[in-house]
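This note's numbering numbers the first residue of the sequence shown as 53 and each following residue consecutively. Built from N, CA and C at the ideal position, the CB exists for glycine as well.
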Amino acid sequence: MATRRSAERQGFRLAAAVVALAPRDLPAPSRDPGEIHRAVDGVLARPEYRPAARPLLDQIWSWLLKGLAALLSGLSTTTAGSIIGVLVFVAILALLALLATRFVRTMSRSSEVDAAVMAGPRRDAAEWRAEAEAHEAAGEWRQAVRCRYRALIADLARLGVLDEVPGRTSGEYLGEVGRNLPSAAEAFGGATEVFERAWYGRRPTGAGEAASFRQLAVSVLDRSPR
């Protein structure tokens, strides 16, 4: 798109130059060259011919790189200057890394993601199932499915099928069950899909989805070591 606009700009300016430099034996133009140039500039000033604005972060990064290049160029004229330039470059990289780390740490995750991953103090399966039943009685089916999923994870951890690790995702648990208990992989995959659709996908969730998850959880546990 930028290349096409640049070509159009050059075409307009070339046309203006040709008109301005027309041979004298041709009919005299009805407008003077200055007026033609103003007309061309007016066309090129229209929004569709303006260069696309660069994102602010790109502009800042470009400015920093140009400034750094100018600084290093000025310091590289002598051996001592080269050493200083390298030290300055390393210091700038360290500063950028520190700023990036702080920026990442300040980014907050969704409260729903925090609730879904295995973070915080562990609870046993009975506690999760009790909470699930309370949610089901209140008609809070998404919360009920989440609690039953975490109850299933707690059961599988107790049976030694997987390790319940804070921060681990449903996809990671799915892979672990597939490796350690292949016979239950299909049922656990189905239960994980019900959970992810309800919790992450925000699909309509009701008593049917909750019942489906319970059946799949029973199938998983029936294939687990006792």
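Query, Result
"On the CB-based measure, 16 or more other CB atoms within 10 Å of its CB, does S222 come out buried or exposed?", "buried"
"Closest to A237 by CA distance: which of Q111, A182, D274 and I144 is it?", "D274"
"Quick test of the definition: if touching needs 3 or more C-beta pairs under 8 Å, does the stretch 205-213 touch the stretch 246-254?", "no"
"Under 8 Å by Cβ, that's how I've got R181 and E216 pegged, so tell me the actual separation to the nearest angstrom.", "About 16 Å; that fails the 8 Å criterion."
"Applying the 10 Å Cβ sphere with the 16-neighbour rule, what's the burial state of W113?", "exposed"
"What three-state label does DSSP hand V197 in the structure shown?", "helix"
"Thinking C-alpha only, which one of L204, R220 and G253 is nearest S276?", "L204"
"Let me know the secondary structure DSSP gives D274 once reduced to three states.", "helix"
"Here's the rule: buried if 16 or more other CB atoms are within 10 angstroms of the residue's CB, otherwise exposed. What is L150?", "exposed"
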